[in-house]
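Residue numbers (our numbering): 3 to 104.
Read the structure below first, then the notes.
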């Protein structure tokens with residue numbers, strides 16, 4: 003009975019390292035992020051990039067939960083970040099957004 007009346011929104015994130023094999027299949031990190039957007043049937047509505055980080059926010063009808071960022075609807079955010087010490091690329095995906103360090 004308690005769960006029947008419980009209406010909540012979830013913020014889900016996952017994080018892991020991208021293998022060198024994945025990068026060997028891609029021209030660069032932006033290609034990997036763009037291929038993820040395509041696979042999720044999403045359109046990139048916001049993005050950020052610098053030397054070690056690439057992030058994009060997607061709008062996709064495949065996801066129910068969303069937030070508004072300015073005047074853009076966002077359902078999913080993904081980010082690639084290259085760690086300074088190890089040089090490894092870490093992929094973080096969050097829906098509707100990432101709320102932890104990436």
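Ideal placement from N, C-alpha and C gives every residue a C-beta, glycine not left out.
Small disclaimer: the values here were computed from a predicted structure and weren't measured.
Review point. For residue 102, which three-state DSSP category applies?
Key: coil
Point to revise | Other residues of its chain near residue 90: CB distance less than 6 Å, five sequence neighbours each side excluded | key: 19
Exercise for review: Note down the Cα distance separating residue 61 from residue 50, rounded to an integer number of angstroms.
Suggested key: 15 Å
Review point. Residue 96 lies in the beta strand (DSSP E); which residues open and close that run?
Key: 91 to 97
Exercise for review: Run the CB neighbour count on residue 16, radius 10 Å, all protein chains shown included, and call it buried at 16 or more, exposed below.
Suggested key: exposed
Check your understanding: Out of curiosity, what's the CA-to-CA distance linking residue 4 and residue 68?
Key -> Reliability fails at residue 4, whose pLDDT of 46 lies under 50, so the model's placement of it is uncertain and the value that follows must be treated cautiously. Rounded to whole angstroms, residue 4 to residue 68 spans 25 Å at the Cα level.
Check your understanding: When the Cα of residue 46 is compared with those of 55, 22, 64 and 79, which residue comes out closest?
Key -> 79
Point to revise | Uninterrupted beta strand (DSSP E) stretches inside the segment 28 to 87 (no shorter than 3 residues) | key: 44 to 51, 55 to 62, 69 to 71, 74 to 76 and 78 to 84
Review point. Taking the C-alpha atoms as reference points, what is the distance between residue 98 and residue 77?
Key: 4 Å
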